[in-house]
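Visitor: Dropping the structure in here first, questions after.
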Amino acid sequence: MTSRRGSGFTLVEAAVSSAVLLLVLGALSTAVWLFFRGQSAMSHRRDALVIAAAEASSFGEPGCYPGVGRSERVVESGGRRFLLATEVVETSPGERLLSVSVIVPGGGSVDLSRKFYQTAGGD
């Protein structure tokens, strides 16, 4: 007796190959989604860093001695809203610390700090 098998795929083979293909496509789409999500988060953090650096540098040229205090405001960049918090504290006589914090949409923050020293004839 000879066994005769027809050419082509059986229904089981087609179902198994379809299931494997769906698993591979699912994993690939998840990887692509995670990549773009990571790119978006990096873009938010980059914008927040630019905002924080601009705020820290706006406190002046050499010889500038900022007043003590805290402020918060909302800043827009790239169609996104960031919360910008600035605080100046006196750490010792003649020395103040500026802390700038930018809250990133979706979580996280970027923080920068800078010291200022009172110069002769300053405030």
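Sequential numbering of the sequence shown, starting at 3, is according to the numbering used here.
Note that the Cβ used here is the ideal one computed from N, Cα and C, for glycine as well.
As the structure is a computational prediction, the values presented were derived from the model and not from experiment.
Starting from Thr-32 and walking both ways along the alpha helix (DSSP H), at which residues does that stretch end?
Guide: Start and end: 13-59.
Visitor: Counting only the same chain and skipping the five closest in sequence on each side, list residues whose C-beta sits under 8 Å from that of Phe-84.
Guide: Contacts found: Asp-49, Ala-50, Ile-53, Val-76, Val-77, Glu-78, Val-104, Ile-105, Val-106 and Pro-107.
Visitor: Along the chain, where does the beta strand (DSSP E) that runs through Thr-93 open and close?
Guide: Where Thr-93 is concerned, the enclosing beta strand (DSSP E) stretches over 82-94.
Visitor: Less than 8 Å between the CB atoms is what I'm expecting for Ala-58 and Leu-23, so what's the real figure, rounded?
Guide: No, Ala-58 and Leu-23 are not in contact; Cβ-Cβ is about 53 Å, not under 8 Å.
Visitor: Report the CB separation of Val-70 from Arg-98 in whole angstroms; it is logged as a contact under 8 Å.
Guide: Yes, they are in contact, since the Cβ atoms of Val-70 and Arg-98 sit about 7 Å apart, within 8 Å.
Visitor: Under the rule that 16 or more other beta-carbon atoms within 10 Å means buried, what is Val-112, buried or exposed?
Guide: Buried is the call here.
Visitor: Going by DSSP, name the residue or residues bridged to Tyr-119.
Guide: BP columns for Tyr-119 point to Glu-97.
Visitor: Let me know if Phe-118 comes out buried or exposed under the rule of 16 or more other beta-carbons within 10 Å of its beta-carbon.
Guide: Answer is buried; the Cβ neighbour count reaches 16.
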